[in-house]
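Have a look at the structure below before the remarks.
The structure is reproduced here in structure tokens:
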């Protein structure tokens, strides 16, 4: 089967995301200890943290880092092996402790759009997506979650369907959905690549990669204000 440009783009993006670590400052942190560091200083700091850890992986290294507008940091691993190792819960715990700053690890996702989904769909319910995975031939855990693209309070009176943003944990699951669509409550829906490169939380309205279903904000923020 010939790969479409859309699928190739998802694979390329997924390959890079697999080698990246997204770090965000803790929700209750008032001072960000990494906010003033340059890319080179960030790279030096995260590599030093690797050397300070009890567990070690020969050849593991970070090759780059960049700060995000919201204060988070994306760290680029040398290879997939390094990324897979660092992302293990017990290793990540050591890494964050060695880093010395109060950061939290945020998984990264691939966003796709499913259109004209019934508005009564419980998008915040993890069980919804476990059933979709099983019915659609997607490995369990391939869908991290979903959210309505347009805020529910902005719907037209009597609106019965709306678009959702599906977040996939890996490129294989995302491409399977692009190629085959998904089944939701017995009905088939096409899935396409999102044109929205920056993910915006529907609850706090921040563009930092997290979703409304795991948002730590205590209050809802208006997306139009």
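In the numbering used here, the protein residues as written are 1 to 225.
We treat Cβ as the ideally placed atom computed from N, Cα and C, and that holds for glycine.
Note that this is a predicted model, so its numbers are computed, not measured.
*How should residue 52 be labelled, buried or exposed, when 16 other C-beta atoms within 10 angstroms of its C-beta is the threshold for buried?*
Looking up residue 52 in the chain shown gives position 52. With fewer than 16 other Cβ atoms within 10 Å, it is exposed.
*With 16 other CB atoms within 10 Å as the buried threshold, where does residue 25 fall?*
Sequence index remark: in the chain shown, residue 25 carries index 25 (1-based). With 16 or more other Cβ atoms within 10 Å, it is buried.
*Just the Cα atoms here: how many angstroms apart are residue 181 and residue 189?*
Here residue 181 refers to the residue found at position 181 when the chain shown is read from its first residue. Here residue 189 refers to the residue found at position 189 when the chain shown is read from its first residue. So the alpha carbons of these two residues sit roughly 6 Å apart.
*Tell whether a beta-carbon distance below 8 Å holds between residue 162 and residue 119.*
For the purposes of this step, residue 162 is taken as residue 162 along the chain shown, with counting starting at 1. For the purposes of this step, residue 119 is taken as residue 119 along the chain shown, with counting starting at 1. In contact: residue 162 and residue 119 (Cβ atoms closer than 8 Å).
*In or out: residue 169 buried (at least 16 other Cβ within 10 Å) or exposed?*
Taking the chain shown and counting its residues from 1, the one referred to as residue 169 is at position 169. By the neighbour-count rule (16 or more Cβ atoms within 10 Å), residue 169 is buried.
*asked:* Taking the alpha-carbon of residue 167 as reference, which of 4, 177 and 158 has the nearest alpha-carbon?
replied: Stepping through the chain shown from its first residue, residue 167 is reached at position 167. Answer by Cα proximity: 177.
*Which value, in whole angstroms, describes the spacing of the CA atoms of residue 193 and residue 49?*
Taking the chain shown and counting its residues from 1, one reaches residue 193 at position 193. Taking the chain shown and counting its residues from 1, one reaches residue 49 at position 49. Their Cα atoms are separated by approximately 36 Å.
*Is the stretch 67-79 touching the stretch 8-25 in the sense that three or more CB pairs, one from each, lie closer than 8 Å?*
yes
*Is the Cβ-Cβ distance between residue 82 and residue 98 less than 8 Å?*
The count along the chain shown starts at 1 and reaches residue 82 at position 82. The count along the chain shown starts at 1 and reaches residue 98 at position 98. Contact flag unset, no.
*Can you give me the start and stop residues for the alpha helix (DSSP H) that residue 157 sits inside?*
Here residue 157 corresponds to residue number 157 of the chain shown, with the count starting at 1. Looking at the DSSP string, residue 157 is not in any alpha helix (DSSP H), and its letter there is neither H nor E.
_Check whether residue 8 and residue 39 have beta carbons under 8 Å apart_ = Against the chain shown, residue 8 aligns to sequence position 8. Against the chain shown, residue 39 aligns to sequence position 39. The criterion of a C-beta distance shorter than 8 Å is not satisfied by residue 8 and residue 39.
*asked:* Quick check on the DSSP output: what are the complete alpha helix (DSSP H) runs of length 4 or more inside the stretch 31-71, in order along the chain?
replied: 39-52
_DSSP beta-bridge partners of residue 176_ = In the chain shown, counting from the first residue as 1, residue 176 sits at position 176. Residue 176 pairs with nothing; no bridge assigned.
*To the nearest angstrom, report how far apart residue 6 and residue 104 are at their CA atoms.*
Here the question's residue 6 lines up with position 6 in the chain shown. Here the question's residue 104 lines up with position 104 in the chain shown. C-alpha separation (whole angstroms): 32 Å.
_Endpoints, beta strand (DSSP E) assigned at residue 76_ = Locating residue 76 in the chain shown gives position 76, counting from the first residue. Residue 76 -> beta strand (DSSP E) spans 73-77.
_So the candidates are 165, 174, 186 and 89; which of them puts its Cα closest to the Cα of residue 11?_
Numbered from 1 along the chain shown, position 11 holds the residue referred to as residue 11. Comparing Cα positions, the closest option is 174.
*Note down the Cα distance separating residue 37 from residue 153, rounded to an integer number of angstroms.*
Along the chain shown, one-based indexing puts residue 37 at 37. Along the chain shown, one-based indexing puts residue 153 at 153. Roughly 40 Å between the two C-alpha positions.
*Contact set for residue 148: own chain, Cβ-Cβ below 7 Å, skip 5 residues either direction*: Numbered from 1 along the chain shown, position 148 holds the residue referred to as residue 148. So the qualifying residues of the chain are 123, 162, 164 and 202.
*Reduced DSSP category for residue 14 - H, G, I as helix; E, B as strand; rest coil*: Position 14 of the chain shown, counted from the first residue, corresponds to residue 14. Of the three classes helix, strand and coil, the one that applies to residue 14 here is helix, per DSSP.
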